[in-house]
Amino acid sequence: MALEQSEGVLSAVSNTKDVELAAQELARQLIHPYLGFVLFFCSAEYDLDGLGQALEQHFGGVSLVGCTSAGEITPQGYGRGCVVALGFDLRCFSIASVLIDEMERFNLLDAQHLVDGLVKDCRSNELASIKGHSFALTLLDGLSSREELVLGALSAALGSIPHFGGSAGDDNHLTHTHVYHGGRFHSGAAVVVLFNTWLEFEVFSSHHIEPSGEKLVVTRADSSSRRVYELNAAPAAQEYADLIGVPLDALDLRAFAAYPLAVRISDHYYVRSIQQVHDDLSLTFYCAVENGIVLTAMRPGPLLPNLQQLFAGLEQRLGPLLLTIGCDCFLRRLEIENDGGVEPVASLLRQQRVIGFNTYGEQFNGMHINQTFTGVAIGRPTGRSER
Numbered sequence: 001m002a003l004e005q006s007e008g009v010l011s012a013v014s015n016t017k018d019v020e021l022a023a024q025e026l027a028r029q030l031i032h033p034y035l036g037f038v039l040f041f042c043s044a045e046y047d048l049d050g051l052g053q054a055l056e057q058h059f060g061g062v063s064l065v066g067c068t069s070a071g072e073i074t075p076q077g078y079g080r081g082c083v084v085a086l087g088f089d090l091r092c093f094s095i096a097s098v099l100i101d102e103m104e105r106f107n108l109l110d111a112q113h114l115v116d117g118l119v120k121d122c123r124s125n126e127l128a129s130i131k132g133h134s135f136a137l138t139l140l141d142g143l144s145s146r147e148e149l150v151l152g153a154l155s156a157a158l159g160s161i162p163h164f165g166g167s168a169g170d171d172n173h174l175t176h177t178h179v180y181h182g183g184r185f186h187s188g189a190a191v192v193v194l195f196n197t198w199l200e201f202e203v204f205s206s207h208h209i210e211p212s213g214e215k216l217v218v219t220r221a222d223s224s225s226r227r228v229y230e231l232n233a234a235p236a237a238q239e240y241a242d243l244i245g246v247p248l249d250a251l252d253l254r255a256f257a258a259y260p261l262a263v264r265i266s267d268h269y270y271v272r273s274i275q276q277v278h279d280d281l282s283l284t285f286y287c288a289v290e291n292g293i294v295l296t297a298m299r300p301g302p303l304l305p306n307l308q309q310l311f312a313g314l315e316q317r318l319g320p321l322l323l324t325i326g327c328d329c330f331l332r333r334l335e336i337e338n339d340g341g342v343e344p345v346a347s348l349l350r351q352q353r354v355i356g357f358n359t360y361g362e363q364f365n366g367m368h369i370n371q372t373f374t375g376v377a378i379g380r381p382t383g384r385s386e387r
């Protein structure tokens, strides 16, 4: 399935594990005279070195950016073990990207220099003014534990430019996650992409998680590794298991998806999802946790109605959508797979032309969050050709 070239974006998917054939299939579906940039998401099960080389060969001269995933969102809905890609028409999009290869050393000065370079590159094509017509995408190593550091600096440097993104996954193995830039895959790194376009768009974040009232206080934690040793002055895993009413040995990814914890900031709740339980009964989280923070117990509400309401609002403001780039937390997918509700959600994603991936965390305007559906919705061209 591919979108018309005149609309500005083409989509493509390959399910073969042969990296050469996968790259050929994507190129066959995406390459046209005005192809300016390719964004892709792929299973970590691929031979990544081989895939990177094959993509560079078959898209010679076209900039490619991507990351590994914990599941893919394709033109057919949810995918697994495949690679999905988007090709952007340079008549509609001016796109620049850069790699951050040392996330732990990234600071505000680096961020300002990076953003200035991206803006200069996008402005050179004279598609539209930067202000009001640009958004940024961040793809971060999902096991780096450095997302907050990078996002804080980037957010300050981007200023009024809205930004979103996702943390790379590895099919739920929690061992190696990668981002792709400059012809190869990188770990411990991040990619920042600036999109400038005359098309209407909206960056958004939505979740279906509701507070249930119970509180847990982090009483001993190592913030650098996001590891919590004690909640309410008791072993963290035991206190959490007691709170949700399950035995210790029942704590797994599905339990974490069903019983998330969140930090309240003003009137908003930001989920801090648990990644794993350790033998010493400590818990590692996907987002930042520190001594003294109060975690509120949460419960999932209806997921599909939340998405339907989101897209109804987006269509009301943007009209029929050309494309939605979606960063969908892998815990949300686990939840609907557990509840047998995959097909209704997949049907809505197909209908709304969502392409994206299941993440190990999402980013929204400088915040690193969990268990959300975050992204950008782009409206169709309305009576205007390329400038």
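Numbering (the working numbering), first residue to last: 1 to 387. The beta carbon of each residue, even a glycine, is placed where N, CA and C say it ideally should be. As the structure is a computational prediction, the values presented were derived from the model and not from experiment.
> Between L331 and N370, which are expected to be in contact by the criterion C-beta below 8 Å, what is the C-beta distance as a whole number of angstroms?
Replying inline: 7 Å
> What's the C-alpha gap between V342 and G79?
Replying inline: Cα to Cα, V342 sits roughly 11 Å from G79.
> For L30, which option in D89, C82 and E72 has the closest C-alpha, if you only look at C-alpha atoms?
Replying inline: Out of D89, C82 and E72, the CA that lies nearest to the CA of L30 is found in D89.
> With respect to the alpha helix (DSSP H) encompassing N338, which residues constitute its N-terminal and C-terminal limits?
Replying inline: Run containing N338: F330 to D339, per the alpha helix (DSSP H) assignment.
>> So, with DSSP's three-state summary, where would you put G313?
In response: It is helical.
> Using the C-alpha atoms, what's the distance from E210 back to F40?
Replying inline: Each residue's alpha carbon lies about 32 Å from the other.
> With 16 as the cutoff for other CB atoms within 10 Å, does N338 come out buried or exposed?
Replying inline: exposed
>> Between the alpha carbons of T177 and S145, how many angstroms are there, rounded?
In response: 12 Å
>> Contact defined as beta carbons within less than 8 Å: I believe F311 pairs with Q352. What is the distance between those atoms, to the nearest angstrom?
In response: 5 Å
>> Given this structure, state the Cα-to-Cα distance separating D171 from R272, to the nearest angstrom.
In response: 20 Å
> Which residues in the same chain have their Cβ closer than 7 Å to the Cβ of V289, if we skip the five residues on either side of it in sequence?
Replying inline: V218, A221, S223, R226, V228 and R272
> Which runs of the beta strand (DSSP E) spanning at least 3 residues fall entirely within the region 227–270, listed in chain order?
Replying inline: 227–231 and 261–265
>> Can you tell me whether N358 is buried or exposed? The criterion is at least 16 other CB atoms within 10 Å of its CB, across all chains shown.
In response: buried
> If V65 and V193 are in contact, beta carbons under 8 Å, what's the gap, nearest whole angstrom?
Replying inline: Confirmed, about 6 Å.
> If Y360 sits next to S167, beta carbons under 8 Å apart, how far is it from one beta carbon to the other, in whole angstroms?
Replying inline: Right, their Cβ atoms sit about 4 Å apart.
> Taking Cβ to Cβ, would you say A262 is nearer than 9 Å to L295?
Replying inline: yes
> Can you pull the DSSP bridge partners for H58?
Replying inline: Note: H58 sits in no beta bridge, so no partner.
>> With a threshold of 6 Å on Cβ separation, who are the neighbours of V150 within its own chain once the five nearest residues in sequence on each side are excluded?
In response: M103, F106 and A190
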